[in-house]
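**Q** Quick one: the structure is below, questions incoming.
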Ligand SMILES: [Fe+2]
Ligand SMILES: [Fe+2]
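In the numbering used here, the protein residues as written are 1 to 196.
In structure tokens form, the structure reads like this:
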């Protein structure tokens with residue numbers, strides 16, 4: 001499937017561009033890689049929230065807040081799910097791993113406590129915010145449609161982080177350590193999903 005990405009400038013639809021494919025060292029942003037990692041991240045987010053809701057049910061205030069955030073993640077994911085085939089970009093081959101790892105992370109943090117579930121969201125969204133900021137810097141004036149969507153989603157990720165902190169994320173026992181490991185895991189997942 002990788003050959004799909006070599007047919008066109010990554011910022012344009014394959015059918016409409018004769019520009020050469022992105023290559024390592026190219027000073028243009030690697031848009032296929034951006035789309036791949038963003039789809040993976042939004043997919044991971046839906047799996048984390050699914051794992052949390054499987055444990056927390058749907059009655060508590062915490063569960064309701066998570067369900068609201070999860071529905072926004074479904075909308076983010078749908079956008080990238082549609083954009084990848086439209087741009088001829090393959091998803092990461094690590095999707096099955098993010099399916100299980102995301103669900104397990106969500107379920108385990110929710111099993112620790114509702115505050116720990118919120119600590120997970122605060123940590124993940126801190127990294128996603130950093131990641132989307134980096135992408136916007138790298139895009140510059142390229143692909144304004146994509147940049148606009150990233151800005152829209154980034155604003156919602158920041159709302160999720162703030163919701164989680166307001167709901168007691170930082171009151172979790174061992175919060176700095178939990179947050180450190182979740183953020184490190186997110187950074188590793190981002191780097192892997194960009195490449196494979
Ligand atoms: Fe999202
Ligand atoms: Fe989010």
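Every residue, glycine too, gets a C-beta built ideally from N, C-alpha and C.
1. Ligand 1: which residues have Cβ under 6 Å from any of its heavy atoms, chain order?
2. Who are the near neighbours of residue 142 in its chain, counting only those whose CB is closer than 8 Å to its CB and skipping five residues on each side?
3. Is residue 46 helix, strand or coil when you go by DSSP?
4. Exposed or buried, what is residue 71 when buried is set at 16 or more other beta-carbons lying within 10 Å of its beta-carbon?
5. Taking 7 Å as the cut-off, is the beta-carbon of residue 127 closer than that to any non-hydrogen atom of ligand 2?
6. Determine the burial state of residue 38: buried for a count of at least 16 other Cβ atoms within 10 Å of its Cβ, exposed for fewer.
7. Can at least three beta-carbon pairs, one atom from the region 171-178 and one from the region 69-86, be found at a separation below 8 Å?
**A** Reading off the structure:
1. 42, 45, 73, 76, 153 and 157
2. Position 142 of the chain shown, counting from 1, holds the residue named residue 142. Answer for residue 142: 11, 28, 29 and 31, listed in chain order.
3. Walking along the chain shown from the start, residue 46 turns up at place 46. Helix at residue 46.
4. Your numbering for residue 71 matches position 71 in the chain shown. Exposed.
5. Start at 1 with the first residue of the chain shown, and residue 127 comes out as number 127. No, the beta carbon of residue 127 sits no closer than 7 Å to any heavy atom of ligand 2.
6. One-based indexing of the chain shown puts residue 38 at position 38. Buried: at least 16 other Cβ atoms inside 10 Å.
7. no
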